[in-house]
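In what follows, a single structure is set out as structure tokens and then discussed.
There are 2 protein chains.
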Amino acid sequence: MFAVIMCGGSGTRFWPTSRRQRPKQFLDITGKGPMVVETCNRLSGLVSDEEIILVLGAEHLEEATDLFKGREIHMLAEPVGRNTAPCIGLGAIYAMHLGCNGAVAFLPADHFIANPSRFLKDLRMAGEIADAGGIVTLGIVPNRPETGYGYIRRGQGQIDVGGEPAYRVSKFVEKPDIEKARSYLTSGEYYWNGGIFVARPETILKEMAKQLPELYKGLQRLADVLGTERFGTELKDVYGALRGISFDYGIMENTREDVYVVPSECGWSDVGSWASLYELRTSERDRAQNLADGETLLIACENSFVSGNGGRLVACLGLKNTLIVDTADAVLVADLNRSQDIREIVDRLKETGKDRLL
Amino acid sequence: MFAVIMCGGSGTRFWPTSRRQRPKQFLDITGKGPMVVETCNRLSGLVSDEEIILVLGAEHLEEATDLFKGREIHMLAEPVGRNTAPCIGLGAIYAMHLGCNGAVAFLPADHFIANPSRFLKDLRMAGEIADAGGIVTLGIVPNRPETGYGYIRRGQGQIDVGGEPAYRVSKFVEKPDIEKARSYLTSGEYYWNGGIFVARPETILKEMAKQLPELYKGLQRLADVLGTERFGTELKDVYGALRGISFDYGIMENTREDVYVVPSECGWSDVGSWASLYELRTSERDRAQNLADGETLLIACENSFVSGNGGRLVACLGLKNTLIVDTADAVLVADLNRSQDIREIVDRLKETGKDRLL
Chain B
680 MFAVIMCGGS
690 GTRFWPTSRR
700 QRPKQFLDIT
710 GKGPMVVETC
720 NRLSGLVSDE
730 EIILVLGAEH
740 LEEATDLFKG
750 REIHMLAEPV
760 GRNTAPCIGL
770 GAIYAMHLGC
780 NGAVAFLPAD
790 HFIANPSRFL
800 KDLRMAGEIA
810 DAGGIVTLGI
820 VPNRPETGYG
830 YIRRGQGQID
840 VGGEPAYRVS
850 KFVEKPDIEK
860 ARSYLTSGEY
870 YWNGGIFVAR
880 PETILKEMAK
890 QLPELYKGLQ
900 RLADVLGTER
910 FGTELKDVYG
920 ALRGISFDYG
930 IMENTREDVY
940 VVPSECGWSD
950 VGSWASLYEL
960 RTSERDRAQN
970 LADGETLLIA
980 CENSFVSGNG
990 GRLVACLGLK
1000 NTLIVDTADA
1010 VLVADLNRSQ
1020 DIREIVDRLK
1030 ETGKDRLL
Chain E
680 MFAVIMCGGS
690 GTRFWPTSRR
700 QRPKQFLDIT
710 GKGPMVVETC
720 NRLSGLVSDE
730 EIILVLGAEH
740 LEEATDLFKG
750 REIHMLAEPV
760 GRNTAPCIGL
770 GAIYAMHLGC
780 NGAVAFLPAD
790 HFIANPSRFL
800 KDLRMAGEIA
810 DAGGIVTLGI
820 VPNRPETGYG
830 YIRRGQGQID
840 VGGEPAYRVS
850 KFVEKPDIEK
860 ARSYLTSGEY
870 YWNGGIFVAR
880 PETILKEMAK
890 QLPELYKGLQ
900 RLADVLGTER
910 FGTELKDVYG
920 ALRGISFDYG
930 IMENTREDVY
940 VVPSECGWSD
950 VGSWASLYEL
960 RTSERDRAQN
970 LADGETLLIA
980 CENSFVSGNG
990 GRLVACLGLK
1000 NTLIVDTADA
1010 VLVADLNRSQ
1020 DIREIVDRLK
1030 ETGKDRLL
């Protein structure tokens, strides 16, 4: 099996730790090393380094080269970000170029998996279905009525792979409101869409030819020059002319047949916010449910998350549900329950020209 | 009139801005310059620089010398702090040594006065009463049932000085509970004890001879060598052997006669905590009652006090009643209503040997 790691994007939700030059996927926010490295490492046993293709932003190529020094991982730098459909298409033609004749797993670089062996088992199962021509998505079994994710509804068709069930997909569903999310949870027919897909490159390209013909044409141009000096120039031309579109929206939502979901209980989290990271690290909290990194001093605080890695003491007194993130040039203090609104701060910094802090 | 400015003490309540080496009286926390300088400046018109005696800790002599460069202010360095009674005694003998033959005002270096001209008028009145042999204290007219201050109860005897009333003191009262504080406020007979006294040095020394004979003896030893080379050595000996005692407790509470209170509505505040400073600077707050200094960015915050003078951005999101003080080597985040408990942080730093942050 090959793997295409989607490593683009410059998430703002972990500001001030994440910056344009060091987005979330390059940060060690879970304590297991930079997320993209962990994403590659957890594949070992299923995918070798030479079968991994990292698709990333050109501005992060140097950082990634450093991180993977001495490893045979392939890297493809996108000249501009165009969302996941072009990224997956590029990964697909590159995997074929490298001689891949089976399934490819397409994986976001910045997700957390609590149970990697379970995850590999599910990927392997998805690979078997994909080898036979399907597009397979991992469906994360929900444990709460989450409104922040899209959902996948399973349909009637069930297939068994080694005794475990997979399902035909009935439909992809947008982020629900809380009532819908509750009904999804109780129905048992819905899974979180973690953005993890497995398919043979030919399958992907065939769907793209049908549903995104312009993208397909561009990919054909690129496939012709792969491995030649002209690739870089062509890539700039093709990407420059493409419109950004997600693989979910551009392909998955309209694909009628041969789309499957493999239910997965691998302890997945997209770690989409500081609050989500706080949830993830339950076992590291103190009795008052405080989570503290770095040089900190907490007195009479509860349910707070203090990241004191700015090289100075962070002293806290009488706080509740508070998030503090200290860095060398900026310190964030926020209501932990509002950590998804941090982009408002980043927006304001952009508006006021404080680019040095972005 | 002479003035003795009591500039000792290493308040911890403004940590992390205040430190051992730079206690509150040397900080510019009200935006009018270092408090001790402002305390001296507001006396101009009543007391000339040559009539000002600064009594301070030896460790702050250099800082003070810098602050008052080019001015003829006298400085006396205490080898160790022994509370206000010895400090006032030392100021008294030094004022006599300098030729003072009238009243001396004894003033804390770290208080705020909103209305300096009213303050000088009240001091002048106190000076007239003191010239005739009384010990006079300014009684701050209370505007709220404050439990954090001691009170002065006025007695029956009233004297008029230029049409304004002063009163004999009935008694000095400890910090009350909230019910008592409310009754004090409504009675109209109680004033806050701001620790501001006016008296002739001879009057002070006479009372000390009666009530604190050991201190008096020490002061006599010092008076004998004032202006000689032996003064420094004697001062160390005398202070080393003294017990620390406040002027309130050691003298004022037991003086039976000739103690007066001059009611003062000078807009006094002891600025005893960050919360008290926040109260003081009402007019500088924004519509949501936030007060922000330095490079800050506040989104959806209210009733918060953000001091971003640590050379980095302080970004705040969704905070209420929160205090943030950023400095180069420490940042404090606290419930603004608990700012009087900051000493707990300082105590903890001492216990854990983090002296560099004290």
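As you go down the protein sequences, you meet chains B and E in turn. The first sequence: position 38 = 717 (this note's numbering), numbered continuously. The second sequence: position 187 = 866 (this note's numbering), numbered continuously. C-beta atoms are modelled at their ideal positions from N, C-alpha and C, and glycine is treated no differently.
Interface annotation, L992/E: in contact with chain B, CB-CB separation under 8 Å. The count of Cβ pairs closer than 8 Å, one atom from the segment 775–785 of chain B and one from the segment 877–893 of chain B, reaches three, so the stretches are in contact. Contact between the segment 830–849 of chain E and the segment 891–907 of chain E is not established, with fewer than three Cβ pairs separated by less than 8 Å. In the DSSP assignment, T975/B falls within the beta strand (DSSP E) that extends over 975–978. For the pair P758/E and Y957/E, the CB atoms are not nearer than the 8 Å cut-off.
The residues L976, in chain order, have a CB closer than 7 Å to that of A994/E in the same chain once the five nearest residues on each side in sequence are set aside. Here the segment 988–1007 of chain E lies against the segment 684–696 of chain E, with 3 or more beta-carbon pairs under 8 Å apart. For D856/E, the closest of H776/E, P824/E, T709/E by C-alpha to C-alpha distance is P824/E. Each of C686/E, N794/E, K748/E, I767/E was checked against the Cα of I924/E, and the nearest Cα belongs to I767/E. According to the DSSP assignment, S955/B belongs to the alpha helix (DSSP H) that extends over 953–959. The alpha carbon of G827/B has as its nearest neighbour, out of T912/B, Q1019/B, F798/B, T1031/B, the alpha carbon of Q1019/B.
Residues are counted here when their Cβ sits less than 7 Å from a Cβ of chain B; for the segment 886–913 of chain E the count is zero.
Looking from the CA of E974/B, the closest CA among V734/B, D965/B, R966/B, S986/B belongs to S986/B. Within chain E, L998, T1001, V1012 have C-beta atoms less than 9 Å from the C-beta of T1001/B, given in sequence order.
Between the alpha carbons of G770/B and I930/B lies a distance of about 15 Å. Interface flag for I1021/B against chain E is set, since a Cβ pair is found closer than 8 Å. Going by C-alpha positions, T934/E is about 19 Å away from E807/E. Taking L799/E as the centre and dropping the five residues before and after it, the same chain places the C-beta of R721, L722, G724, L725 closer than 8 Å to its C-beta, in chain order.
Between the segment 704–716 of chain B and the segment 738–751 of chain B there are three or more C-beta pairs closer than 8 Å, enough to call the two in contact. Residue-level contact by beta carbon holds for D1005/B and chain E, with a gap shorter than 8 Å. With contacts defined by Cβ atoms closer than 8 Å, I732/E and L817/E do not form a contacting pair. Beyond the five residues adjoining it in sequence on each side, H753/E comes within less than 8 Å, by CB distance, of E729, I731, I732, L733, Y773, L777 in the same chain, given in chain order. For H753/E, the secondary structure class from DSSP, reduced to helix, strand or coil, is strand. With contacts defined as CB atoms closer than 8 Å, V938/B and V852/B fail to qualify as a contacting pair.
The beta-carbon distance between L959/E and F791/E, rounded to whole angstroms, is 6 Å. This is short enough to meet the 8 Å contact definition. Contacts with chain E (Cβ-Cβ distance below 7 Å) from the segment 949–968 of chain B involve no residue at all. With a threshold of 16 other beta carbon atoms within 10 Å, P844/E falls short and is exposed. By the neighbour-count criterion, in which a residue is buried when 16 or more other Cβ atoms sit within 10 angstroms of its Cβ, A788/E is buried. Inter-residue distance for A793/E and E963/E is about 14 Å (C-alpha atoms, whole angstroms). At a cut-off of 8 Å between beta-carbon atoms, R1027/E makes contact with chain B. In this structure, I1021/E is the residue among D801/E, V1025/E, I1021/E with its C-alpha nearest to the C-alpha of G951/E. A direct Cα-Cα distance of roughly 8 Å separates W953/B from L1015/B.
For L769/E, the enclosing alpha helix (DSSP H) stretches over residues 763–776. Within chain E, the residues L1011, V1012, A1013, I1024 have their CB atoms less than 9 Å from the CB of C995/B, given in chain order. Counting only runs of 3+ residues, the beta strand (DSSP E) found wholly inside the segment 964–1025 of chain B occupies 970–973, 975–978, 984–987, 992–996, 1001–1005, 1009–1014, in chain order. Secondary-structure assignment with DSSP links E843/E through a beta bridge to V840/E.
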